[in-house]
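Sequential numbering of the sequence shown, starting at 1380, is according to the working numbering. Some notes on the structure that comes next.
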Amino acid sequence: MDFEEYRKHGKEMVDYIADYLKNIRERRVLPNVKPGYMRHLVPDSAPQDGEDWNVIMEDVERVIMPGVTHWQSPHMHAYFPALNSFPSLLGDMLADAINCIGFTWTTASDCTFVTLLAARSDAIRHYRANNNDLEDAEVNARLVAYCSDQAHSSVEKAGLIGLVKMRFLPSDENLSLRGEILQTAINEDLQAGLIPFYLCATLGTTGACAFDNLREIGPICESEGIWMHIDAAYAGTAFICPEYRKFMTGVEYAQSFAFNPSKWMMVHFDCSAMWVKNSGALHRTFNVDPLYLKHENSGAAIDYMGVRLARYFEEKVKNDPRFEIPAERHLGMVVFRLKGDNAQTEALLQTLNRGGKLHMVPASIKGKYIIRFTSLEDEVFEEAHEKKTVKEKEKTSWKKNREFG
Ligand code: PLP
């Protein structure tokens, strides 16, 4: 492809993408093809000569799209949102052209792992500054980290690959980690000769979007010399809005805080932002200084209406006596189930997902099988970028009902 062909096909691609996003609600959210479906749609061997770009683009609809899960669809209610936007699409295009190697901490899981390692080396250094009786590895073997039983699986993984004990503390009836539970665990561990050094608190848990109680656990971490990391992968974005900052009261005790713009800020997947109070611990832990990386400067974040949509959905569920909401809704996620045994809710989810019109995933909350419903920013593309006649145009149901909020 030469410059002129690139210009022509690039513009066609922009049109293809705009049409794709404009009409996305007409597609199944989840594909209904089986693994291997493509085998019969493509030749047995690669062509000897490059194909015409138009033929390749025809294959996109014929071969690729039938297997795609459409995460940008307003009918996608599974996991957490992973939205992009027109500015993000354009930014991604430019980033691809520059092909910048970012050398950055990429995902929320990495943030937990990186901060755990930094806290670990700090804890070993502090211990050894005061006690010379143990080698690094021996101090490491005594370290103990904490999180609640609602923390994301990446926290368990960070403990596994960071070679430290991870204690999962029971959350309260609101699925929140509380101070008393933490203090009791710390006292037990100190008695047992262990060294508490790290706690991963979650703001917006994966299972039910619950919030650990930073106001209670923060001061304990401070007085016990424990690094408090906050995993706000999903909920962090909501703190842009002053009305949701109440969920992070006590954040001042954190040593580090991470959230995913790629979940709720319409930035391309994958993107995590991490803040650390004192970057020195990270430098001490990760810095290597080989000659080949030296250079002359070495050393030297709209409208998030998904919440309103979730509130509207919650109202609907609450008004239906067949359902219950087993955990409080705080942001853009509602968890719900049919009253009665788990099998009924499981069957309901299967039926809903089988239709392909929408997609949700389950979670288990204290033995209860629940369905997680996350809301996207409905009509983000029309609203943000097609300012034209949306208001007069079809008023979608949730907009008509925004007074429900
Ligand atoms: N932490 C929480 C609370 C999450 O909900 C998730 C994913 O949904 C993660 C961490 C993992 O994020 P990532 O895929 O960016 O590693």
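Where is the CB? At the ideal position from N, CA and C, for every residue including glycine.
| Check | Outcome |
| --- | --- |
| Three-state secondary structure assigned by DSSP to Ala1652 | strand |
| Cβ-based burial, Tyr1525 [other Cβ within 10 Å; buried from 16] | buried |
| Of the residues Asn1698, Arg1418, Ala1612, the one placed nearest Tyr1458, counting alpha carbons only | Ala1612 |
| Between the CA atoms of His1647 and Glu1430 - distance to the nearest angstrom | 30 Å |
| Bounding residues of the beta strand (DSSP E) (the contiguous stretch that carries Arg1751) | 1747-1753 |
| Simplified DSSP assignment, three categories, for Tyr1385 | helix |
| Rounded separation between Pro1426 and Ile1435 - CA only | 12 Å |
| Nearest candidate by alpha-carbon position, reference Glu1601, set Tyr1577, Thr1616, Arg1418 | Tyr1577 |
| Nearest to Gln1723 (by Cα), restricted to the options Thr1628, Pro1741, Ala1614 | Pro1741 |
| Test item: CB-CB of Leu1755 and Ala1617 under 7 Å | no |
| Where Phe1492 falls, given that 16 or more other Cβ within 10 Å makes a residue buried | buried |
| Assumed close pair Ser1363, Ala1589 - CB separation to whole angstroms, cut-off 8 Å | Within the shown structure, residues of the chain are numbered from 1380 to 1784, placing residue 1363 beyond reach of any answer. |
| Straight-line gap, Asp1568 to Phe1636 (C-alpha atoms, nearest Å) | 25 Å |
| Nearest candidate by alpha-carbon position, reference Ile1750, set Gly1586, Arg1690, Met1644, Glu1552 | Gly1586 |
| Own chain partners of Leu1728 with C-beta closer than 7 Å, once the 5 adjacent residues on each side are dropped | Met1739, Pro1741, Ile1750 |
| Beta-carbon gap between Ser1467 and Met1645 smaller than 7 Å | yes |
| Closest by C-alpha distance to Tyr1385, when choosing among Trp1432, Tyr1416, Trp1606, Val1714 | Trp1432 |
| Span separating the alpha-carbon of Val1655 from that of Leu1400 | 37 Å |
| Other residues of its chain near Arg1406: CB distance less than 6 Å, five sequence neighbours each side excluded | His1449 |
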